[in-house]
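Colleague:
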Amino acid sequence: MNPPAAVIFDFDGTIADTETPVYEAARIAHEEHGLELPMATWIQVVGTADNKPLAERLRDELGRPPDADVMARAEERHRHARENVPVLPGVEDLITVAKSHDRRLAIASSSPIDWVEPHLTRLGLVDHFDHLSTRDQVDRGKPAPDLFLLAAARLGLDPADILVIEDSRHGYAAARAAGMRCVVVPNAITAHDVHPDAEIVLESLVDFPFAHFGF
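Here it is as structure tokens:
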């Protein structure tokens, strides 16, 4: 197995665990409307193009616009997530080692650029990445391979020469559909639904097998 020429990271739940506070904000907003949002329901859309904005999801379930005060509280929880979620363990070490071996780095995220780029800037990571490919730049989101194929094209590399770091079932499926190798590092949310075909699943990127991938 040849060493990868580049590493593509998912963002949400992989570089920073934005998924847990986002789910909690959505769950509480549902609860305040007398609704439930089970983890089993949420996990089906994590990392996909089908994860509707909270207001739209609530409107569909309620048959009316959600309460403004509830949405204001939910937005405050989102703001807290945007401003306070840290880099997950092992992420910076993998970035450092990859760059020291002249590997290219990119992002392929199911979130829009106006969510991903400010986070990466706040975390001090944005300058490490050659390209940011996000949901608003492709026709189809994960589990379709479009985001990863876009990132590969921007890197000028064959997908087979790229290693993906993902946290979700849908992200893994998208990476494999693009013809890329994939390491899965589930978080507190996506650990409930790991893809059954995932070859390498880590509890944390602290455990990344550098020697296995030729670093």
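Numbers given in the working numbering equal positions in the sequence shown, counted from 1, plus 810.
Glycine is no exception: its CB is placed at the ideal position from the N, C-alpha and C atoms.
Specify the secondary structure class of Leu915 as computed by DSSP and reduced to three states.
Modeller: Locating residue 915 in the sequence shown gives position 105, counting from the first residue. Reduced to three states, the DSSP call for Leu915 is strand.
Colleague: Please report the Cβ distance between Phe958 and Ala983, rounded to the nearest whole angstrom; I am assuming they are in contact, meaning their Cβ atoms lie under 8 Å.
Modeller: Taking the first residue of the sequence shown as 1, we reach residue 958 at position 148. Taking the first residue of the sequence shown as 1, we reach residue 983 at position 173. Not quite, the Cβ-Cβ distance comes to about 11 Å (not below 8 Å), so this is no contact.
Colleague: Evaluate the contact criterion for the stretch 862-880 versus the stretch 897-913: three or more CB pairs, one atom per stretch, below 8 Å.
Modeller: no
Colleague: Is the beta carbon of Ile975 closer than 8 Å to that of Val817?
Modeller: Indexing the sequence shown from 1 puts residue 817 at position 7. Indexing the sequence shown from 1 puts residue 975 at position 165. In this structure, Val817 lies near Ile975, with their beta-carbon atoms less than 8 Å apart.
Colleague: Look up Ile1010 in the DSSP assignment and give the residues it is bridged to.
Modeller: Looking up residue 1010 in the sequence shown gives position 200. DSSP lists Val993 as partners of Ile1010.
Colleague: Let's test the definition: count the other Cβ atoms within 10 Å of the Cβ of Phe819 and tell me whether it reaches 16, buried, or not, exposed.
Modeller: Position 9 of the sequence shown holds residue 819. By the neighbour-count criterion, in which a residue is buried when 16 or more other Cβ atoms sit within 10 angstroms of its Cβ, Phe819 is buried.
Colleague: Can the beta-carbon of Ile999 be found closer than 8 Å to that of Gly823?
Modeller: The residue you call residue 999 lines up with position 189 of the sequence shown. The residue you call residue 823 lines up with position 13 of the sequence shown. Judged by beta-carbon spacing, Gly823 lies within the 8 Å limit of Ile999, meaning their Cβ atoms are closer than that value.
Colleague: To the nearest angstrom, report how far apart Ala835 and Gln854 are at their CA atoms.
Modeller: As a position in the sequence shown, residue 835 is number 25, starting the count at 1. As a position in the sequence shown, residue 854 is number 44, starting the count at 1. Straight through space, the alpha carbons of Gln854 and Ala835 are spaced by roughly 17 Å.
Colleague: Just how far apart, CA to CA, sit Pro896 and Thr830?
Modeller: Walking along the sequence shown from the start, residue 896 turns up at place 86. Walking along the sequence shown from the start, residue 830 turns up at place 20. The straight-line gap from Cα to Cα measures roughly 12 Å.
Colleague: Look up His929 in the DSSP assignment and say whether it is helix, strand or coil.
Modeller: If you number the sequence shown from 1, residue 929 lands on position 119. Reduced to three states, the DSSP call for His929 is helix.
Colleague: Identify whether Pro978 lies in helix, strand or coil by the three-state DSSP scheme.
Modeller: As a working note, residue 978 is residue 168 in the sequence shown. A small fix is needed here, since residue 978 is Ser in this sequence, not Pro. Looking at Ser978 - three-state DSSP - the assignment turns out to be coil, as it is neither helix nor strand.
Colleague: Let me know if Val832 comes out buried or exposed under the rule of 16 or more other beta-carbons within 10 Å of its beta-carbon.
Modeller: Mapped onto the sequence shown, residue 832 falls at position 22. Label assigned to Val832: buried.
Colleague: Report the option in His843, Ala850, Leu847 whose CA atom is closest to the CA atom of Arg883.
Modeller: By one-based count along the sequence shown, residue 883 stands at place 73. For the residues His843, Ala850, Leu847, the minimum Cα distance to Arg883 belongs to His843.
Colleague: Put Ser920 into one of helix, strand or coil per three-state DSSP.
Modeller: As a first step, residue 920 must be located in the sequence shown, where it is residue number 110. Three-state DSSP puts Ser920 in coil, outside helix and strand.
Colleague: Measuring straight from C-alpha to C-alpha, what distance separates His941 and Glu866?
Modeller: As a position in the sequence shown, residue 941 is number 131, starting the count at 1. As a position in the sequence shown, residue 866 is number 56, starting the count at 1. So the two alpha carbons sit approximately 30 Å from each other.
Colleague: Report the option in Asn812, Arg887, Thr906, Glu893 whose CA atom is closest to the CA atom of Val1016.
Modeller: Your numbering for residue 1016 matches position 206 in the sequence shown. Checked all of Asn812, Arg887, Thr906, Glu893; the closest Cα to Val1016 is Thr906.
Colleague: Identify, in the order they occur along the chain, each residue of the same chain with its Cβ nearer than 7 Å to the Cβ of Pro955, setting aside the five sequence neighbours on each side.
Modeller: Along the sequence shown, one-based indexing puts residue 955 at 145. Same-chain partners within the cutoff: Ala984, Ala987, Ala988.
Colleague: What whole-angstrom Cβ distance do Arg945 and Pro922 have, given they're in contact under 8 Å?
Modeller: By 1-based counting over the sequence shown, the position of residue 945 is 135. By 1-based counting over the sequence shown, the position of residue 922 is 112. For a cut-off of 8 Å, the C-beta gap from Arg945 to Pro922 is around 6 Å, short enough to register as a contact.
Colleague: Which residue comes first and which comes last in the beta strand (DSSP E) that contains Leu845?
Modeller: The residue you call residue 845 lines up with position 35 of the sequence shown. Where Leu845 is concerned, there is no enclosing beta strand (DSSP E), given that its DSSP letter is neither H nor E.
Colleague: Excluding five sequence neighbours on each side, which residues of the same chain lie with their C-beta closer than 6 Å to the C-beta of Gly1024?
Modeller: Taking the first residue of the sequence shown as position 1, residue 1024 is located at position 214. Closer than 6 Å at Cβ, skipping near neighbours: Pro813.
Colleague: With 16 as the cutoff for other CB atoms within 10 Å, does Met990 come out buried or exposed?
Modeller: Along the sequence shown, read from residue 1 onward, the residue named residue 990 stands at position 180. Under this definition Met990 is a buried residue.
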